[in-house]
Amino acid sequence: MFNLEKIFPNLYSLKDLIITETIATINMVIVAGAIAFIIGLILAIGLVLFRNKGLMPNKVLFSSIDGVVNFFRAIPFVILLVA
C-alpha cells in the first residue's frame, strides 16, 4: 500500500531518534503536570483553610497565597498581549 521509506526517506532514517525523543517529551509533560498538580493542590488547600470562613482563618496567609495564585493566573494573558 504505502511505502513510508520511499515517501519520507529522511524521517524513516531517523525513526529510532524520533521515537526516543517522543517518549522523552511525554515523560517531561507527565513530570511537569504532576509537579503542577501537587503545587496547585497545596495552594488550593491553603486558600480554603485560610479564608475568612475557613477552618483556620488567617488573613495574612490567605492574602499571600491569593497574591501568588493571581500572579500566576495572569501570566497567560500577558503572553497573549505580547503575541
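Residue numbers for the sequence shown follow numbering that gives the first Met the number 0, so the first one is 0 and each next one is one higher. A virtual CB, placed ideally from N, CA and C, is assigned to each residue, including glycine.
Would you call the CB atoms of residue i and residue j closer than 8 Å?
i: Leu42; j: Ile25; result: no
i: Ile17; j: Leu10; result: yes
Just verifying my parser: in three-state terms, what is the DSSP assignment at residue i?
i: Met55; result: coil
i: Phe7; result: coil
i: Arg72; result: helix
i: Asn26; result: helix
i: Leu48; result: helix
According to the neighbour-count rule (16 or more other Cβ atoms, all chains shown, within 10 Å of its Cβ), is residue i buried or exposed?
i: Gly53; result: exposed
i: Phe61; result: buried
i: Gly45; result: buried
i: Phe49; result: buried
In its own chain, which residues sit with a C-beta less than 6 Å from the C-beta of residue i, not counting the 5 before and 5 after it?
i: Ala35; result: none
Under 8 Å Cβ to Cβ from residue i, same chain only, skipping five residues before and after it: list those, please.
i: Val67; result: Leu42
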